[in-house]
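The sequence shown maps to residues 0 to 432 in numbering that gives the first Met the number 0.
Glycine included, C-beta positions come from ideal geometry on N, C-alpha and C.
None of these values were measured; they are calculated from a predicted model.
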Amino acid sequence: MSNSKKIQRFSAPKGVPDYVPPASTEFLRVRNGFLHQAHVAGYEYIELPIFEETALFARGVGESTDVVSKEMYTFQDRGERSVTLRPEGTAGVMRAVIEHGLDRGQLPTKLMYAGPCFRYERPQAGRYRQLQQMGVESIGVDDPALDAEVVALADRCYKSVGLTGYRLEITSLGDSTCRPAYRQKLQEFLFALPLDEETRRRAEINPLRVLDDKRPEVQDMTADAPLMLDHLSPETQEHFETVTGLLDDMGVAYVINPRMVRGLDYYTKTCFEFVHDGLGAQSGIGGGGRYDGLMAQLGGQELSGIGFGLGIDRTLLALQAEQAETGGDTRRVDVFGVPMGSAAKRAMAGMINELRRNGVSSDMSYGDRGLKGAMKGADRAHARFALILGDRELDNGTVAVKDLAAQTQTDMDLAAVVPYLVRELSRELSEEG
Ligand code: HAM
């Protein structure tokens, strides 16, 4: 009889993806690529808490949304405060802007962020409980040119990582001057339909959501429903036309979707979504819009804002669907050191350190592996050069430099090797660029 205890093995929580090598390289490439595009457009980085006071999201995102009413990770901390893992980024950014007076200087305040958000949704392909977003918020100026900038930036983010098969849908949700009257009109239309109990209740709380109902019978019934786009005030109409005109000028392709419904309550005027058809049901790879009342609602000034959140998980799935991981450089390091024996290892450690000080990504084999095993390490790291150092080379004051692309090998003076590699790799880099 075995008396060995059964040891529990753990797995990641349900609906929470891990990104492990090599897929994690692609994750970083996409996230950093998005941040880079925003940086180039003048956005500054903001790093925010992953949990906030629950009331911030209830007030900011809206009590009637699924996100707040059904999906939040809310708990009491040990001080009996109700806190919530952030379900999205915008409310936290607004809180920080107000708290730190970031709205007191030159406007607009342009901020970018990236990180995990948490929603207790039913997990399925592309729908996770921990999801990763990169987002921007541009606060303090109600100018349609800013709307166009934000939409064009999102479009450029996707293009820059090699994604092509998506479409941009855009609409206007009106504002406080025209939405209440439209809402009433829509409710009158909906209440005249033979809707089931739950849909009727939805029509009372958030009638726009009924237009987004995917059931064919509801879609048929609402085919002639009044649309916000046909009931915009002259000002919001002009705002929308200016935004689409600017997108035309910039060559950003879009389709107008007057039935778009966003899952968060704070939107006004311009609203947009990026949709990828290679993803099945969870086709929204990113979205955003204007939220002109949000800041005041959270106790700040009456300032407008616009931003987006791009789903990194879904962008990765979309890239996979397109098999477009073109920019995916699989190289882990440029140079891999293969020392034979303890004296060589010491000399190699110095050389690798020197390469790293010069910005050359490099690694070496550890443990006592033979030449063949150590060279496998160089292969696995997809290195460009291997440096082989044994007793013979040490005695001669040289190192064997193996060019793993050309499969050639030359002996080189120990002192010459670091400058040679720095020069060679930066020359290749500038030729690629
Ligand atoms: P959102 O549309 O709720 O907007 O989320 C943005 C993106 O996050 C979605 O388009 C989707 O790609 C991704 N996403 C959302 N939920 C999940 C999930 N459960 N699993 C995987 N990916 C998901 C916002 O969050 C707003 N804060 C965007 C914004 C910023 N609006 C203005 N400023």
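Run through DSSP, which three-state label would residue i get?
i	result
R426	helix
T176	coil
P12	coil
G326	Reliability fails at G326, whose pLDDT of 49 lies under 50, so the model's placement of it is uncertain and no value is given.
I6	coil
A385	strand
P115	strand
R360	Going by the sequence as given, residue 360 is Ser instead of Arg. Note: S360 maps to coil in three-state DSSP.
Q123	strand
V416	helix
G262	coil
V242	helix
G369	coil
D102	coil
V421	helix
G349	helix
R379	helix
R355	helix
R331	coil
If you draw a straight line from the alpha carbon of residue i to that of residue j, how long is it in whole angstroms?
i	j	result
G326	R313	Residue confidence is low: G326 scores 49 on pLDDT, short of 50, so the model does not pin down where it sits. No coordinate-derived value is stated.
Y18	Y181	45 Å
E272	G161	18 Å
L413	T397	5 Å
E324	T108	Because the pLDDT of E324 is 47, which lies under 50, any placement of that residue in the model is unreliable, and the question is left without a value.
R208	Q183	14 Å
S303	F239	15 Å
A22	Q319	11 Å
E148	V92	19 Å
A54	E62	10 Å
L263	P20	34 Å
P233	T176	10 Å
I6	M339	39 Å
R422	R121	53 Å
R356	S171	52 Å
S282	H275	5 Å
V96	D102	6 Å
L110	A222	39 Å
T89	F56	9 Å
V135	C270	14 Å
E43	Q36	11 Å
K13	C116	15 Å
T407	I311	40 Å
S466	V150	Past the edges of the chain, shown from 0 to 432, lies residue 466, and the structure says nothing about it.
T64	A124	22 Å
A348	P418	16 Å
M0	L388	Residue confidence for M0 is low, a pLDDT of 49 falling below 50, so the modelled location carries little weight; the figure read from the coordinates is stated next. Using only the alpha carbons, I get a separation of about 52 Å.
Y119	Y127	8 Å
V416	G366	24 Å
L297	T73	19 Å
G164	N395	57 Å
A343	I351	12 Å
E51	D141	28 Å
P179	E25	45 Å
L47	S10	27 Å
E463	V217	With the chain covering 0 to 432 only, the question about residue 463 has no answer from this structure.
R331	V15	26 Å
Y290	A280	27 Å
With residue i and residue j assumed to form a contact (beta carbons below 8 Å), what rounded beta-carbon distance in angstroms separates them?
i	j	result
D146	L167	Going by Cβ atoms, the distance from D146 to L167 rounds to 13 Å, so no, they are not a contact pair.
A373	S361	Contact doesn't hold; Cβ gap of about 14 Å is too wide.
L316	V29	No, L316 and V29 are not in contact; Cβ-Cβ is about 11 Å, not under 8 Å.
F190	A224	Not really, about 12 Å apart at Cβ, beyond 8 Å.
D212	R258	That belief does not hold up - the Cβ atoms of D212 and R258 are roughly 10 Å apart, past 8 Å.
V337	A385	6 Å
Sort out for me which residues DSSP pairs residue i with in a bridge.
i	result
A95	For A95, which the question treats as bridged, DSSP gives no partner whatsoever.
K268	DSSP lists no partner for K268.
M87	The sequence given here has Glu at residue 87, not Met. E87 pairs with nothing; no bridge assigned.
Q408	K401
E136	L110, G306
I255	I169
E130	Just to set this straight, residue 130 is Leu in the shown sequence, not Glu. Note: L130 sits in a beta bridge opposite C116.
V274	R166, G283
V337	I387
Using a Cβ-Cβ distance under 9 Å, would residue i count as near chain C?
i	result
L27	Looking for chain C here will not work: only one protein chain is present.
Length-filtered (3 minimum) beta strand (DSSP E) runs lying within the segment 17–82: 50–52, 72–75
Beta strand (DSSP E) segments (min. 3 residues) lying fully within the segment 164–239: 165–171
Ordered list of beta strand (DSSP E) runs contained in the segment 284–310, each at least 3 residues: 304–310
Length-filtered (3 minimum) beta strand (DSSP E) runs lying within the segment 139–166: none
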